[in-house]
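Comments concern the structure below.
Protein chains in written order, with this note's numbering: chain F, 11 to 304; chain X, 134 to 321.
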C-alpha cells in the first residue's frame with residue numbers, strides 16, 4: 011500500500027510520560043524511521059482509566075471525549091493511541107456516545123466543547139501493519155535479531171470487548187506477531203496472549219497481580235521465550251516492575267525482559283539501543299541484546 | 134451469604150438501577166457460568182460472577198453490594214467477550230460499584246475504591262495522573278505507608294516516575310467535573 015496515511019494525531023496519555031516513557035520514546039523513533047508525522051495538540055487530559063468507569067458512567071465518557079474534541083477541533087481525524095488503556099477508553103466513549111442518546115446529550119453538556127465524534131482511534135499495531143510493506147521492510151531492517159525468541163503479550167484492552175474494539179481476533183490476535191516476524195524476529199505460539207495481568211490492582215491488591223504475572227511468566231518460560239513483547243504500559247509495569255516480587259514469592263528465577271514491541275522494531279531498524287530507553291526497565295534486557303550480531 | 138428471595142427484593146429498584154447504569158439486560162442470562170469459568174480473579178472472589186448476575190436479577194442488593202467480587206473485578210472483559218447471551222458482565226460490575234459508592238455502602242475491599250477516588254481527585258488537580266502525588270495520597274487514605282517503598286525507589290532510580298506534576302487544562306477539567314457532579318446529583 012503506497013498511499014497509506016502517514017500523518018496522525020498523537021495521544022500519548024499519562025503513562026507514556028512517566029512509567030511507560032520507554033514506549034513513548036521507542037514509538038516516536040519507529041515513526042521517524044517509517045516517515046510518520048505525529049501531531050500532539052497541547053491540553054490533552056487523562057482518559058480516566060479504571061478509576062473513571064468504576065465511579066461514574068458520565069465521567070468515564072466525558073474525559074476521553076474532552077481530549078478527542080481537542081484533536082477534532084485541531085482538524086485531526088486519525089489519532090494514534092499507544093497506551094492500551096487510553097485506546098480502550100477512547101473507543102468505549104465513542105461507542106457509548108454513538109449508541110446511547112441520553113449519555114451523548116449529557117456528555118455534550120458537560121464537556122463544554124463541541125464534538126461530532128468524527129475521529130478514528132488507532133493503536134500503533136494497526137498503523138504499522140499497514141505501513142510495513144515487504145519493500146519497506148527490505149530497506150529499513152538493518153539489524154538481524156536472531157537471538158530473540160519472543161512471545162507477544164497483547165493483554166486485555168486491545169481486543170476486548172470485540173464489539174467495541176473491533177481490532178484483530180479477540181481470543182488469539184496475531185498483529186504483533188506478524189509485525190515482529192516481518193522484521194525477522196522469531197515469535198512463539200503460546201496460550202497467554204490475552205490473559206489479564208491484573209491491571210490497576212497492582213497498587214491495591216498486589217498479591218493478585220503477582221499471581222497473574224507469575225502465570226504469564228511461567229507460560230512464557232515453558233514455551234522457551236527469552237523475552238515478552240508488549241503494547242501496553244500497564245502490562246509492562248506489572249510484568250517488569252513486579253518480576254522480582256514474583257520471583258521472591260514463588261522461589262524461582264525468570265529474568266525475562268519485558269520489551270515494548272516498538273523497542274524491538276526500533277532495534278531491527280538500526281536505532282541505537284541507547285536511544286530506545288532500555289535502561290528504564292527493571293529487568294535488564296542488556297545481556298540478551300548483547301547477543302545481537304553487530 | 135445465600136440467595137434469599139423475598140417480595141421486597143423482586144419489587145425493589147436495585148435491578149432497575151443496575152440496568153440504568155449498565156444498559157445491559159441481566160434477564161438474558163441462562164446461567165451457563167462461562168463468565169465464572171474464564172474469570173482470572175474468580176479464585177479470590179467470594180461470590181462468583183455468574184451468581185452476581187443472578188443476584189441482580191433477583192434484586193439481591195445486599196449480597197451484591199457487600200461482595201468483594203464487585204471491587205475485585207479487574208475489568209479485563211473476558212466475561213463480557215465470552216457471554217453467549219451478550220450480557221455485559223463487566224459493565225454490571227461497574228454499575229454495582231457506582232450504586233455502592235452512591236449509596237455509601239462500606240466496601241469489602243476498601244483500598245480499591247480508595248484508589249479510584251484518589252485517582253479521580255488527581256485528575257481534578259492535574260488534568261493528568263501524577264503518579265507520585267497519587268501514591269502519596271493513596272498511602273494517606275489506606276494507612277499503608279511502607280507498601281512498595283522499595284519498588285518506588287527503584288522506579289525513581291530508573292527514571293520511571295516524573296517528579297513534577299503538570300497542571301493541564303486547569304480550569305477546563307475542574308469546570309467539567311463540577312458539571313458532571315451537578316448533573317449526577319440532579320439524576321439521583
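Heads up, the beta-carbon is just placed ideally off N, CA and C, and yes, glycines get one too. These numbers were taken from a predicted model, which means no experiment stands behind them.
Assumed close pair residue i, residue j - CB separation to whole angstroms, cut-off 8 Å
i	j	result
residue 41 of chain F	residue 100 of chain F	Rounded, the Cβ-Cβ distance is 19 Å, inconsistent with contact.
residue 180 of chain X	residue 232 of chain X	So it is not a contact: roughly 16 Å between Cβ atoms.
residue 224 of chain F	residue 266 of chain F	Their Cβ separation, rounded to whole angstroms, is 12 Å, which puts residue 224 of chain F and residue 266 of chain F out of contact at 8 Å.
residue 274 of chain F	residue 226 of chain F	Not quite, the Cβ-Cβ distance comes to about 18 Å (not below 8 Å), so this is no contact.
residue 300 of chain F	residue 269 of chain F	Not confirmed; about 14 Å, so no contact.
residue 186 of chain X	residue 222 of chain X	6 Å
residue 185 of chain F	residue 293 of chain X	Contact flag wrong, Cβ pair sits at about 27 Å.
residue 313 of chain X	residue 69 of chain F	5 Å
residue 8 of chain F	residue 287 of chain X	The structure shown has nothing for residue 8 of chain F, since chain F only spans 11 to 304.
Selection from the options that minimises the alpha carbon distance to residue i
i	options	result
residue 304 of chain X	F:122, F:21, F:89 and F:200	F:122
residue 52 of chain F	F:278, F:79 and F:69	F:79
residue 299 of chain X	X:235, X:258, X:254 and X:191	X:258
residue 215 of chain X	F:240, F:170, F:215 and F:244	F:170
residue 158 of chain F	F:220, F:295 and F:18	F:295
residue 207 of chain F	F:290, F:281, F:199 and F:245	F:245
residue 240 of chain F	F:213, F:189 and F:24	F:189
residue 30 of chain F	F:181, F:164, F:65 and F:243	F:243
residue 285 of chain F	F:133, F:95, F:33 and F:298	F:33
residue 19 of chain F	F:249, F:229 and F:47	F:47
residue 167 of chain X	X:255, X:242, X:220 and X:206	X:220
residue 183 of chain F	F:174, F:193 and F:200	F:200
residue 249 of chain F	F:221, F:146 and F:86	F:221
residue 95 of chain F	F:63, F:83 and F:126	F:63
residue 315 of chain X	F:66, F:292 and F:167	F:66
residue 274 of chain X	F:214, F:45 and F:160	F:214
residue 130 of chain F	F:143, F:116 and F:176	F:176
residue 212 of chain X	X:158, X:197 and X:172	X:172
residue 263 of chain X	X:321, X:206, X:295 and X:194	X:295
Cutoff 8 Å: residue i Cβ touching any chain F Cβ
i	result
residue 286 of chain X	no
residue 278 of chain X	no
residue 306 of chain X	yes
residue 217 of chain X	no
residue 194 of chain X	no
residue 238 of chain X	no
residue 156 of chain X	yes
residue 139 of chain X	no
residue 181 of chain X	no
residue 200 of chain X	no
residue 319 of chain X	no
residue 297 of chain X	no
residue 209 of chain X	yes
residue 269 of chain X	no
residue 161 of chain X	no
residue 222 of chain X	no
Residue-chain proximity (residue i, chain X), Cβ-Cβ < 8 Å
i	result
residue 171 of chain F	yes
residue 118 of chain F	no
residue 294 of chain F	no
residue 66 of chain F	yes
residue 191 of chain F	no
residue 211 of chain F	yes
residue 72 of chain F	yes
residue 231 of chain F	no
residue 11 of chain F	With a pLDDT of 44 at residue 11 of chain F, under the threshold of 50, the predicted position of this residue should be treated as unreliable, though the coordinate-derived value follows. No, no contact with chain X.
residue 299 of chain F	no
residue 290 of chain F	yes
residue 178 of chain F	no
residue 166 of chain F	yes
residue 6 of chain F	Within the shown structure, residues of chain F are numbered from 11 to 304, placing residue 6 of chain F beyond reach of any answer.
residue 76 of chain F	yes
residue 105 of chain F	no
residue 162 of chain F	no
residue 201 of chain F	no
Minimum Cβ-Cβ distance from residue i to chain C less than 8 Å
i	result
residue 293 of chain X	Structure shown: chain C not included; protein chains present are F and X.
task: Take every Cβ of the segment 106 to 120 of chain F, pair it with every Cβ of the segment 248 to 258 of chain F, and state whether three or more of those distances are shorter than 8 Å.
output: Result no; under three Cβ-Cβ pairs closer than 8 Å.
- prompt: For the segment 41 to 94 of chain F, which segments carrying the alpha helix (DSSP H) assignment without a break, of at least 4 residues, lie completely within its bounds, in sequence order?
  reply: Assignment of alpha helix (DSSP H) within the segment 41 to 94 of chain F, counting only whole runs of 4 or more residues, yields 59 to 63 and 67 to 83 in chain order.
field: Meets three-Cβ-pair contact criterion under 8 Å: the segment 31 to 39 of chain F and the segment 78 to 93 of chain F
entry: These segments touch.
task: For the segment 150 to 225 of chain X, list the alpha helix (DSSP H) runs that are entirely contained and at least 4 residues long, ordered along the chain.
output: As far as the segment 150 to 225 of chain X is concerned, its whole alpha helix (DSSP H) runs of at least 4 residues are 167 to 171, 182 to 190, 194 to 198, 202 to 205 and 211 to 215.
message: Could you tell me which whole beta strand (DSSP E) segments of length 3 or greater appear in the segment 124 to 162 of chain F?
response: Counting only runs of 3+ residues, the beta strand (DSSP E) found wholly inside the segment 124 to 162 of chain F occupies 130 to 132, in chain order.
message: For the segment 147 to 163 of chain X against the segment 174 to 194 of chain X, do three or more pairs of beta-carbon atoms, one drawn from each stretch, fall closer than 8 Å, so that the two count as touching?
response: Yes: at least three Cβ pairs fall under 8 Å.
query: What residue ranges within the segment 176 to 212 of chain F form continuous alpha helix (DSSP H) runs of no fewer than 4 residues, ordered along the chain?
result: Assignment of alpha helix (DSSP H) within the segment 176 to 212 of chain F, counting only whole runs of 4 or more residues, yields 185 to 192 in chain order.
message: Pairs of beta-carbons, one from the segment 197 to 205 of chain X and one from the segment 161 to 179 of chain X, closer than 8 Å: are there three or more?
response: The way I'd put it, the segment 197 to 205 of chain X does touch the segment 161 to 179 of chain X; three or more beta-carbon pairs between them come closer than 8 Å.
query: Would you call the segment 56 to 74 of chain F and the segment 146 to 160 of chain F touching, i.e. three or more CB-CB distances under 8 Å?
result: No, the segment 56 to 74 of chain F does not touch the segment 146 to 160 of chain F.
message: Report the start-end ranges of each alpha helix (DSSP H) in the segment 262 to 300 of chain X that is 4 residues or longer and not cut off at the edges.
response: Scanning the segment 262 to 300 of chain X from its first residue to its last, the whole alpha helix (DSSP H) runs of 4-plus residues come out as 264 to 275 and 282 to 290.
query: Hey, is the segment 69 to 76 of chain F in contact with the segment 306 to 318 of chain X, meaning 3+ C-beta pairs nearer than 8 Å?
result: Judged by Cβ distances under 8 Å, the segment 69 to 76 of chain F makes contact with the segment 306 to 318 of chain X, as three or more pairs qualify.
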